[in-house]
Amino acid sequence: MDKFKILVVDDETDFLETILARLKKRKLDATGVTNGEAAVDLLKNQLFDVVLLDVKMPGGMDGIEALREIKRIQPLVEVVLLTGHASIETSIEGMKQGAFDYLLKPMKLEELMSKMAEAFEKKSKHDKKIREAVIKDLTQQHGSTPSGE
Ligand SMILES: [Mg+2]
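For the sequence shown, this note's numbering assigns the number 99 to the initial residue and increments by one for each residue that follows.
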């Protein structure tokens, strides 16, 4: 998981700082923002592998709206929703809209690490398939050039 870029989006700054400190302690490349708008702005300029997204955030953009925008901007990023007991239904809706999975807060660090590893594995396989398809496409285009020219 070394080159793995993580974005954590949560309005609770204590929670956000704790998670970021723990991920950084494990030498992971983690960035944090406190709202959906900031997450969307960042994703327009930087590629991430996994986004940990709080579903319950005050203000303009809620978790589900942020999820939709995130998947629109970076369709290949895997999103793990962070949810409280009261918002499990929102997470289920989020999973229908393309989130990888959800975690119930407060979660143990090990649980978070293993969920992120699963998400990262899925993304890596997906990226690899796309690279292979691109190579195949290029090879076929090259192969169709008449020989003897
Ligand atoms: Mg929240």
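The beta carbon of each residue, even a glycine, is placed where N, CA and C say it ideally should be.
Would you say the beta carbon of residue i comes nearer than 7 Å to a heavy atom of ligand 1?
{"i": "residue 159", "result": "no"}
{"i": "residue 115", "result": "no"}
{"i": "residue 211", "result": "no"}
{"i": "residue 152", "result": "yes"}
{"i": "residue 112", "result": "no"}
{"i": "residue 155", "result": "yes"}
{"i": "residue 139", "result": "no"}
{"i": "residue 235", "result": "no"}
{"i": "residue 108", "result": "yes"}
Go ahead and pull the three-state DSSP assignment for residue i.
{"i": "residue 153", "result": "coil"}
{"i": "residue 118", "result": "helix"}
{"i": "residue 217", "result": "helix"}
{"i": "residue 234", "result": "helix"}
{"i": "residue 103", "result": "strand"}
Taking just the CA atoms, how far does residue j sit from residue i?
{"i": "residue 106", "j": "residue 118", "result": "8 Å"}
{"i": "residue 110", "j": "residue 202", "result": "15 Å"}
{"i": "residue 239", "j": "residue 232", "result": "11 Å"}
{"i": "residue 219", "j": "residue 156", "result": "31 Å"}
{"i": "residue 207", "j": "residue 182", "result": "16 Å"}
{"i": "residue 229", "j": "residue 149", "result": "22 Å"}
{"i": "residue 212", "j": "residue 102", "result": "13 Å"}
{"i": "residue 214", "j": "residue 120", "result": "13 Å"}
{"i": "residue 154", "j": "residue 175", "result": "20 Å"}
{"i": "residue 138", "j": "residue 113", "result": "20 Å"}
{"i": "residue 192", "j": "residue 165", "result": "7 Å"}
{"i": "residue 186", "j": "residue 147", "result": "24 Å"}
How would you write the range of the alpha helix (DSSP H) that residue i sits in, first residue to last?
{"i": "residue 138", "result": "134-143"}
Quick one: does the C-beta of residue i sit closer than 7 Å to a heavy atom of ligand 2?
{"i": "residue 233", "result": "Looking at this structure, you won't find ligand 2 anywhere; what it does contain is ligand 1."}
If you follow the beta strand (DSSP E) that residue i is part of, which residue opens it and which one closes it?
{"i": "residue 312", "result": "For residue 312 there is no data in the structure shown, the boundaries of the chain being 99 and 247."}
{"i": "residue 165", "result": "Not the beta strand (DSSP E): residue 165 falls in the alpha helix (DSSP H), residues 161-171."}
{"i": "residue 127", "result": "127-131"}
{"i": "residue 199", "result": "199-202"}
{"i": "residue 175", "result": "Premise fails: residue 175 is in no beta strand (DSSP E) and is neither H nor E."}
- request: Report yes or no: do the segment 163-181 and the segment 194-206 share at least 3 C-beta pairs separated by less than 8 Å?
  value: Enough Cβ pairs lie closer than 8 Å, so yes.
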